[in-house]
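Working notes, beginning with the structure itself.
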């Protein structure tokens, strides 16, 4: 249970509610057990009437009527208190579940981009959903039944000792065997629970990737192969669940066996003591039988609770694994910074941890505030890496990046990113309305601002052509729109943000030349007094930039203005000539 220590802070947060729940539980158990001595007294009264010690039937009826009334009253009070008990513990468990999910999600948001390259979405989802659900069962039902079992056992033992101390000793004698058996089974459950949750993560990851890539699966006719792989995973998950259930199945029969042994001991030993006159009243034996059977569910619940606790511990271990991950990118300054937009790379080198590919080698350049820098080069040259480093999605390993002559790592991270408008190469849109996707760049944007941003991104007419216009809800990752429309909505989202730095990563690759010219014309107006970095494969997209750099294998091989570069032998001139010939054709 060492992994569940992480939850102690939540127990402290809700300690008063849990304490109230404990008091209610004790009161509920006392009232729930109050009727047993009354039944014993009633049995004794009937025995005394049969033996002639109570001569009047009316006296017997009166005593039985009083006892019945008290039993009904105690039962009703116990039922009401049990209701309050469940409300208290279950509500607290739901509150802690809410807090824990928020903690996990907040930590997910703080983790660096590298973390998401190493871990799959399905596994992340499983830990914040299924694993947290397992933990909630420990926080609610497991704790509630543990408290109920403990209080019931204590109260029952007190009543039993008061009635017949020696008989109590014989009755509880089998319980140490039960405790040992539970311990051994719990260890096996913990191991199997961990494997079950791992298989569930694999299933979630597989299905999530299958649904996201359904178009590719259908295009290649791979439905049968994917289905076969899913069946294999499902069979593995089923087998592991069956292994877990087989161990869990030992619990209840074991409880019944132990309770049965206790009942036999009560009847045999208690009967002999009654015959020998060591127990004065037959009602004591009746009480003991009721006490033992009253303990049946609390003791039986030990197995179920132990199973819940072990599963929760396995799940919390998986949750802690990610909660203990430290963000690679941290905010080293609390106070905000004013960002003007000057960017300088000084001898920057960078290697991706996950692939060990060196994307940049000793890169140096400078872009003044308000200028436009264009980056061009072959695939894998390191163009997108430069944009990611400007947004500080990664930290450099050698050299330094300066923003407004300050080391980027010493700037307030929130200030930096709030002043960047980034349009990635693979445009990502949320499963929400088009209006909400554009407003993601500025939550307080008015409809007029949204329309203006869409017009500047040359997508306003397309949106107005939809039956629901800007209220059109997009499919997952914006699948409702074409590639060009997704790129333009992403551009509108960056524009409306009105940042000091605009980063465009080949975001016009899916639009036609005419639309590209319109967008570039609008961007030229918008980007005045803003630092703009454009990555592209098209000369037409970058020819008006103040400075152009050409990358090859992570190194700058050429730089200058458009007019300078077309007069130099090299990649830029070759690409310009090639694209010019294509246009003339």
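In the numbering used here, the protein residues as written are 2 to 586.
Note that beta-carbon positions come from the ideal geometry of N, C-alpha and C, so glycine has one too.
Exercise. Over the uninterrupted alpha helix (DSSP H) stretch that includes residue 415, give me the two end residues.
Key: Numbered from 1 along the chain shown, position 414 holds the residue referred to as residue 415. Counting along the chain, the alpha helix (DSSP H) containing residue 415 begins and ends at 414-419.
Rounded to whole angstroms, what is the Cα-Cα separation between residue 413 and residue 393? Your numbering for residue 413 matches position 412 in the chain shown. Your numbering for residue 393 matches position 392 in the chain shown. Straight-line Cα distance between these residues: approximately 11 Å.
- Task: Starting from the C-beta of residue 140, find all residues in its chain whose C-beta is less than 6 Å away, skip the five residues before and the five after it, and write them out in chain order.
- Result: Mapped onto the chain shown, residue 140 falls at position 139. The residues are 94, 97.
If you reduce the DSSP assignment to three classes, tell me which class residue 532 lands in.
The sequence position of residue 532 within the chain shown is 531, counting from 1. If DSSP states are grouped into helix, strand and coil, residue 532 belongs with the strands.
Expected contact under 8 Å - CB spacing of residue 503 and residue 422 to nearest Å: As a first step, residue 503 must be located in the chain shown, where it is residue number 502. As a first step, residue 422 must be located in the chain shown, where it is residue number 421. Yes, residue 503 and residue 422 are in contact; Cβ-Cβ is about 5 Å, under 8 Å.
Quick one: give me the first and last residue of the beta strand (DSSP E) that residue 504 is part of. Within the chain shown, numbered from 1, the residue matching residue 504 stands at position 503. Counting along the chain, the beta strand (DSSP E) containing residue 504 begins and ends at 502-506.
Quick one: using the 10 Å Cβ neighbour count with 16 as the cut-off for buried, is residue 239 buried or exposed?
Position 238 of the chain shown holds residue 239. It is exposed - the Cβ of residue 239 has fewer than 16 other Cβ atoms within 10 Å.
For residue 285, which of 165, 208, 223 has the nearest alpha-carbon?
Mapped onto the chain shown, residue 285 falls at position 284. Among 165, 208, 223, the Cα nearest to that of residue 285 is on 165.
### Message
Rounding to the nearest angstrom, what Cα-Cα distance links residue 283 and residue 188 in this structure?
### Response
Mapped onto the chain shown, residue 283 falls at position 282. Mapped onto the chain shown, residue 188 falls at position 187. Going by the C-alpha atoms only, they are around 43 Å apart.
Three-state secondary structure (DSSP) of residue 81: Working through the chain shown from its first residue, we reach residue 81 at position 80. Residue 81 falls in the helix class under three-state DSSP.
| What span of residues does the alpha helix (DSSP H) with residue 481 cover, start to end? | Locating residue 481 in the chain shown gives position 480, where the first residue counts as 1. Where residue 481 is concerned, there is no enclosing alpha helix (DSSP H), given that its DSSP letter is neither H nor E.
Next item on the list: Check whether the Cβ atoms of residue 1 and residue 32 sit closer than 7 Å, and answer yes or no.
Entry: Outside the shown range of the chain, which is 2 to 586, sits residue 1, and nothing can be said about it.
Exercise for the section: Can you tell me the Cβ-Cβ gap for residue 311 and residue 191, rounded? I've got them flagged as a contact below 8 Å. Expected result: Indexing the chain shown from 1 puts residue 311 at position 310. Indexing the chain shown from 1 puts residue 191 at position 190. At roughly 4 Å, the Cβ-Cβ gap stays under 8 Å, so residue 311 and residue 191 are in contact.
Going by C-alpha to C-alpha distance, which of 230, 214, 249 sits closest to residue 587? Outside the modelled stretch of the chain, which goes from 2 to 586, sits residue 587, for which no answer is possible.
Under a Cβ-count criterion, where at least 16 other Cβ atoms within 10 Å of its own Cβ denotes burial, should residue 24 be classed as buried or exposed? In the chain shown, the residue the question calls residue 24 occupies position 23. Residue 24 should be labelled exposed.
message: Which same chain residues end up closer than 6 Å to residue 567 when comparing Cβ atoms and leaving out the 5 residues on each side of it in sequence?
response: Here the question's residue 567 lines up with position 566 in the chain shown. For residue 567, where only same-chain residues beyond five positions count, the Cβ hits under 6 Å are 574, 577.
Is the separation between the beta-carbon of residue 546 and that of residue 491 shorter than 7 Å? Counting from one through the chain shown, the residue named residue 546 turns up at place 545. Counting from one through the chain shown, the residue named residue 491 turns up at place 490. No. Outside cutoff.
Would you call residue 506 buried or exposed, if buried means 16 or more other Cβ atoms sit within 10 Å of its Cβ?
As a working mapping, residue 506 is identified with position 505 in the chain shown. Residue 506 comes out buried.
Alpha-carbon to alpha-carbon, residue 469 and residue 353 = For the purposes of this step, residue 353 is identified with residue 352 of the chain shown, where counting begins at 1. For the purposes of this step, residue 469 is identified with residue 468 of the chain shown, where counting begins at 1. If I take the Cα positions, the gap works out to 43 Å.
- prompt: If you run the structure through DSSP and keep just helix, strand and coil, what is residue 542?
  reply: The residue labelled residue 542 in the question sits at position 541 within the chain shown. The answer is helix: DSSP assigns residue 542 an H, G or I state.
- Of the listed residues 552, 276, 318, nearest to residue 6 (C-alpha basis): Indexing the chain shown from 1 puts residue 6 at position 5. Of the candidates 552, 276, 318, the one whose C-alpha sits nearest the C-alpha of residue 6 is 318.
Q) Closer than 6 Å: is that where the CB of residue 348 sits relative to any heavy atom of the ligand ZN? A) This structure lacks the ligand ZN, and indeed carries no ligand of any kind.
Margin query: Let's test the definition: count the other Cβ atoms within 10 Å of the Cβ of residue 135 and tell me whether it reaches 16, buried, or not, exposed.
Written below: Taking the first residue of the chain shown as position 1, residue 135 is located at position 134. Flag for residue 135 reads buried.
| message | Using the three-state DSSP reduction, which class does residue 122 fall into: helix, strand or coil? | response | Taking the first residue of the chain shown as position 1, residue 122 is located at position 121. DSSP places residue 122 in helix when its eight states are reduced to three.
Q. Residue 41 and residue 287: beta carbons closer than 7 Å?
A. As a working note, residue 41 is residue 40 in the chain shown. As a working note, residue 287 is residue 286 in the chain shown. Yes.
Practice prompt. Use the C-beta contact count for residue 486: other C-beta atoms within 10 angstroms, 16 or more gives buried, fewer gives exposed.
Written response: Within the chain shown, the letter at position 485 stands for residue 486. When all chains shown are included, residue 486 counts as buried.
Ignore the nearest five residues each way along the sequence and tell me which others in residue 550's own chain have a CB closer than 8 Å to its CB.
-> Looking up residue 550 in the chain shown gives position 549. Answer for residue 550: 366, 374, 375, 376, 377, 557, 559, 560, listed in chain order.
Exercise for the section: Have a look at residue 410 and residue 554 and give me their C-alpha separation to the nearest angstrom. Expected result: For the purposes of this step, residue 410 is taken as residue 409 along the chain shown, with counting starting at 1. For the purposes of this step, residue 554 is taken as residue 553 along the chain shown, with counting starting at 1. Their Cα atoms are separated by approximately 26 Å.
In chain order, which continuous runs of the beta strand (DSSP E) of length 3 or greater are located wholly inside the region 310-370? 344-352, 359-368
Under a Cβ-count criterion, where at least 16 other Cβ atoms within 10 Å of its own Cβ denotes burial, should residue 127 be classed as buried or exposed?
Locating residue 127 in the chain shown gives position 126, counting from the first residue. Buried.
Beta-carbon separation (whole angstroms), residue 541 vs residue 475, contact threshold 8 Å: Translated into positions along the chain shown, residue 541 becomes position 540. Translated into positions along the chain shown, residue 475 becomes position 474. Their Cβ separation, rounded to whole angstroms, is 29 Å, which puts residue 541 and residue 475 out of contact at 8 Å.
Margin query: Can you tell me which residues form a DSSP beta bridge with residue 455?
Written below: The sequence position of residue 455 within the chain shown is 454, counting from 1. BP columns for residue 455 are empty, so no partner.
Rounded to the nearest angstrom, what separates residue 145 and residue 467 at their Cα positions? Numbered from 1 along the chain shown, position 144 holds the residue referred to as residue 145. Numbered from 1 along the chain shown, position 466 holds the residue referred to as residue 467. For residue 145 and residue 467, the distance between alpha carbons rounds to 54 Å.
* Under 7 Å between the Cβ atoms of residue 571 and residue 494? -> In the chain shown, residue 571 corresponds to position 570, counting from 1. In the chain shown, residue 494 corresponds to position 493, counting from 1. Taking 7 Å as the Cβ cut-off, residue 571 and residue 494 do not qualify as a contacting pair.
*Which same chain residues, not among the five before or five after residue 28, have their C-beta less than 6 Å away from its C-beta?*
As a working mapping, residue 28 is identified with position 27 in the chain shown. 82.
For this session: Determine, using beta carbons only, whether residue 263 and residue 152 come nearer to each other than 7 Å.
Result: In the chain shown, counting from the first residue as 1, residue 263 sits at position 262. In the chain shown, counting from the first residue as 1, residue 152 sits at position 151. Against a cut-off of 7 Å, the Cβ pair of residue 152 and residue 263 comes out as no contact.
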